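Notes follow once the structure below has been shown.
Residue numbers (our numbering): 9 to 83.
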(Lines of atoms letter the chains of each structure in order from A and count residues from 1; the text may use other names and numbers.)
(Lines give C-alpha, C1' and ligand atoms only; values in the text may rest on other atoms or scores of the structure.)
Protein backbone atom coordinates (compact mmCIF):
# COMPACT_ATOMS: atom_id res chain seq x y z
CA UNK A 1 0.00 0.00 0.00
CA UNK A 2 1.43 3.42 -0.94
CA UNK A 3 2.64 5.88 1.67
CA UNK A 4 1.58 9.53 1.52
CA UNK A 5 3.16 12.40 3.46
CA UNK A 6 1.06 15.21 4.93
CA UNK A 7 1.73 18.43 6.84
CA UNK A 8 -0.66 20.01 9.29
CA UNK A 9 -1.21 23.71 8.66
CA UNK A 10 -2.40 24.25 12.24
CA UNK A 11 0.50 22.79 14.22
CA UNK A 12 3.15 22.17 11.55
CA UNK A 13 3.41 18.42 12.22
CA UNK A 14 4.53 16.24 9.32
CA UNK A 15 3.14 12.70 9.23
CA UNK A 16 2.60 9.83 6.85
CA UNK A 17 -0.36 7.61 6.09
CA UNK A 18 -0.58 4.32 4.23
CA UNK A 19 -3.72 4.15 2.16
CA UNK A 20 -5.03 2.82 -1.13
CA UNK A 21 -4.27 4.87 -4.24
CA UNK A 22 -8.00 5.49 -4.67
CA UNK A 23 -7.89 7.37 -1.33
CA UNK A 24 -4.71 9.34 -2.10
CA UNK A 25 -6.49 12.71 -2.22
CA UNK A 26 -8.93 12.10 0.62
CA UNK A 27 -8.67 14.52 3.56
CA UNK A 28 -6.31 13.52 6.38
CA UNK A 29 -6.38 14.42 10.05
CA UNK A 30 -3.05 15.02 11.82
CA UNK A 31 -2.12 12.99 14.93
CA UNK A 32 -3.12 16.00 17.12
CA UNK A 33 -6.61 15.98 15.58
CA UNK A 34 -6.37 18.98 13.25
CA UNK A 35 -8.18 18.64 9.93
CA UNK A 36 -6.34 21.46 8.08
CA UNK A 37 -3.69 19.34 6.35
CA UNK A 38 -2.01 19.33 2.96
CA UNK A 39 -0.57 16.38 1.04
CA UNK A 40 3.15 16.78 0.32
CA UNK A 41 4.91 15.85 -2.88
CA UNK A 42 6.87 12.70 -2.11
CA UNK A 43 10.04 11.51 -3.75
CA UNK A 44 10.45 7.93 -4.84
CA UNK A 45 13.66 6.00 -4.31
CA UNK A 46 14.32 2.85 -6.28
CA UNK A 47 16.96 0.56 -4.86
CA UNK A 48 18.43 -2.77 -5.84
CA UNK A 49 20.44 -4.14 -8.70
CA UNK A 50 24.18 -4.33 -8.99
CA UNK A 51 26.66 -1.51 -8.84
CA UNK A 52 27.48 -2.04 -12.51
CA UNK A 53 23.89 -1.39 -13.56
CA UNK A 54 23.91 1.91 -11.67
CA UNK A 55 26.84 3.26 -13.67
CA UNK A 56 26.30 5.56 -16.62
CA UNK A 57 26.12 4.04 -20.08
CA UNK A 58 29.39 4.16 -21.99
CA UNK A 59 29.89 7.08 -24.37
CA UNK A 60 29.43 6.27 -28.04
CA UNK A 61 32.66 5.62 -29.91
CA UNK A 62 34.02 8.47 -31.95
CA UNK A 63 34.23 8.27 -35.68
CA UNK A 64 31.18 8.79 -37.82
CA UNK A 65 27.58 8.67 -36.85
CA UNK A 66 25.37 11.51 -35.81
CA UNK A 67 22.79 13.35 -37.81
CA UNK A 68 19.14 12.39 -37.91
CA UNK A 69 19.60 8.66 -38.45
CA UNK A 70 22.95 7.98 -36.80
CA UNK A 71 24.38 6.58 -40.06
CA UNK A 72 26.82 9.40 -40.79
CA UNK A 73 25.09 10.43 -44.01
CA UNK A 74 23.83 13.76 -42.66
CA UNK A 75 26.88 15.05 -40.91
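We put the CB at the ideal spot given by N, CA and C, even for glycine. Given the structure is predicted, the values throughout are model-derived calculations rather than measurements.
- What residue does the beta strand (DSSP E) around residue 46 start on, and which one ends it? Here residue 46 is taken as the residue at index 38 of the chain shown, counted from 1. For residue 46, the enclosing beta strand (DSSP E) stretches over residues 45–47.
- Just the Cα atoms here: how many angstroms apart are residue 18 and residue 37? As a working mapping, residue 18 is identified with position 10 in the chain shown. As a working mapping, residue 37 is identified with position 29 in the chain shown. Straight-line Cα distance between these residues: approximately 11 angstroms.
- Message: Taking 8 angstroms as the limit between beta carbons, can you name the residues of its chain near residue 9, skipping five residues before and five after?
- Response: Taking the chain shown and counting its residues from 1, the one referred to as residue 9 is at position 1. So the list reads 26, 27 and 28, once near-sequence residues are dropped.
- Query: Going by other Cβ atoms of all chains shown within 10 Å of its Cβ, with 16 needed for buried, is residue 55 buried or exposed?
  - Reply: Reading the chain shown from its first residue, position 47 is the one you call residue 55. The residue is exposed, with fewer than 16 neighbouring Cβ atoms inside 10 Å.
- Query: Using the beta-carbon count (16 or more within 10 Å), is residue 45 buried or exposed?
  - Reply: Here residue 45 refers to the residue found at position 37 when the chain shown is read from its first residue. Per the 10 Å Cβ criterion, buried.
- Item | residue 14 to residue 30 span [Cα, whole Å] | Numbered from 1 along the chain shown, position 6 holds the residue referred to as residue 14. Numbered from 1 along the chain shown, position 22 holds the residue referred to as residue 30. Distance between the alpha carbons of residue 14 and residue 30 is about 16 angstroms.
- Query: What number of angstroms, rounded off, separates the C-alpha of residue 50 from the C-alpha of residue 12?
  - Reply: By 1-based counting over the chain shown, the position of residue 50 is 42. By 1-based counting over the chain shown, the position of residue 12 is 4. So the two alpha carbons sit approximately 7 angstroms from each other.
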